[in-house]
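A short worksheet on the structure shown next.
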Amino acid sequence: MPELPEVETTRRGLLDAMTTQRIESVRIHDRRLRWPIEADLETQLTGARVERLERRAKYLLVVTDRGTLIVHLGMSGSLRVVPDVLARRLHDHVEIALDSGRTVRFNDPRRFGSLHWVTGDPLAHPLLATLGPEPLSEDFDGAHLYRSSRGRKVPAKVFIMNAAHVVGVGNIYASESLFHAGVRPTKSAGKLTQAECQRLAAEIKRVLSDAIEVGGTTLRDYVDPDGNPGYFRQRLFVYDRAGKACRRCHTPISQRIIGQRSTYWCPICQR
DNA sequence: CCCGATTCCTGTAGGC
DNA sequence: TGCCTACAGGAATCGG
0 MPELPEVETT RRGLLDAMTT QRIESVRIHD RRLRWPIEAD LETQLTGARV
50 ERLERRAKYL LVVTDRGTLI VHLGMSGSLR VVPDVLARRL HDHVEIALDS
100 GRTVRFNDPR RFGSLHWVTG DPLAHPLLAT LGPEPLSEDF DGAHLYRSSR
150 GRKVPAKVFI MNAAHVVGVG NIYASESLFH AGVRPTKSAG KLTQAECQRL
200 AAEIKRVLSD AIEVGGTTLR DYVDPDGNPG YFRQRLFVYD RAGKACRRCH
250 TPISQRIIGQ RSTYWCPICQ R
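For the first sequence, position 240 (counting from the first letter as 1) is numbered 239 according to numbering that gives the first Met the number 0, and the numbering increases by one without interruption.
Okay, structure coming up:
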């Protein structure tokens, strides 16, 4: 499931293949995504030169000399770099042929992903305009977490997964960060102490950074642009480990649905 | 404004 | 072995 580390890994994996490349042709095989692919995407993209790749939250931004392609991988989306001649695979939605002779393919079985084309400032797009701070930036810290959570009754886990407060933290990394911070996912956000907010912000940064370093988490089908899995799964302490011994205290890991999502925690290490 | 629930979709795991 | 159901989840959107 692409969260921030997987999107960042995808961005880094595409840098060499896409930067300075001219887009020779665009083939759209299936417009059905979270939102249908806009009718003029093919026309807009063809002939554009890629200047750089950026990331905002879980959005990948392909900045060209004509405009920006905004890519969201949803939960099953991937971008792969393949030789031009390689046969198309099931759920390949878009192929972008570069003048290097290689092709970037957007594949998304569950169609929760999206593609948008914008001219001008991509951050002004409605999907990006209201996003909260980047977790790895200085704008996000314990003080921010403490301030923004005052008066909030939602569980801490739901709070840190809300992109209005901090972006990029999905279901896996939310559970992991809360474990390392020693905070119960059910604890009301408004009741987090300053010390807890400090620890939580620090652990969110550390967990996301560590995950990026090893290429993200592959649970089922996530792969980077070269087809390689991420190795953070081996470093998960609670996610997907219900009933298994806590890696720190050996107590069985608990699981419950919180905020409509499976949530994992250690009943001892997390108060 | 805040918050909980619903919705989109397909592949896979588990039960019988 | 094969069928059926439940479940997974990012985030927009809706209803209270």
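Heads up, the beta-carbon is just placed ideally off N, CA and C, and yes, glycines get one too.
Can you give the Cα-Cα distance for residue i and residue j, rounded to whole angstroms?
i      : j      : result
Trp116 : Glu5   : 22 Å
Ala16  : Val80  : 7 Å
Thr262 : Leu177 : 10 Å
Ser77  : His28  : 15 Å
Arg219 : Pro1   : 11 Å
Asp64  : Gly12  : 21 Å
Gln43  : Ala56  : 24 Å
Arg66  : Asp120 : Looking at the sequence provided, one finds Gly at residue 66 rather than Arg. Cα to Cα, the separation comes out at about 9 Å.
Gln197 : Ala142 : 7 Å
Leu40  : Val70  : 12 Å
Arg109 : Leu32  : 8 Å
His92  : Leu114 : 10 Å
Lys243 : Pro251 : 5 Å
Ser75  : Glu94  : 17 Å
Just grab the DSSP bridge partners of residue i for me.
i      : result
Pro251 : Ala244
Ala86  : Answer is none; Ala86 lacks a bridge partner.
Glu37  : None; Glu37 has no bridge partner.
Leu97  : Ile22
Leu68  : Val61, Trp116
Let me check understanding here. Comparing Cα to Cα, which of the options lies closest to residue i?
i      : options                        : result
Gln193 : Tyr145, Arg65, Asp98           : Tyr145
Asn170 : Thr8, Leu14, Val237            : Val237
Val272 : Val165, Leu68, Ile211, His179  : Residue numbering for the chain in the displayed model covers 0 to 270; residue 272 lies beyond these limits and cannot be assessed.
Val168 : His71, Ile203, Ala38           : Ile203
Leu207 : Leu72, Gly229, Gly189          : Gly229
Gly131 : Phe139, Ser147, Gly141, Ala163 : Ala163
Leu135 : Gln259, Ala201, Arg234, Leu122 : Ala201
Pro82  : Arg101, Glu175, Ser147         : Arg101
Lys190 : Gly150, Met160, Ala38          : Gly150
With residue i as the anchor, note down where its alpha helix (DSSP H) starts and where it stops.
i     : result
Tyr58 : Run containing Tyr58: none in the alpha helix (DSSP H); it sits in the beta strand (DSSP E), 58-63.
Thr8  : 3-17
Ile22 : Per DSSP, Ile22 belongs to no alpha helix (DSSP H); it is in the beta strand (DSSP E), 22-27.
Leu40 : 40-44
Which residues bound the beta strand (DSSP E) around residue i?
i      : result
Leu235 : No beta strand (DSSP E) contains Leu235, which DSSP labels as neither H nor E.
Trp116 : 113-117
Ser77  : 77-82
Arg55  : 49-55
Runs of beta strand (DSSP E) wholly within the stretch 122-177 (minimum 3 residues, chain order): none
Alpha helix (DSSP H) runs contained entirely in the stretch 169-233, provided each spans 4 or more residues: 170-180, 193-212
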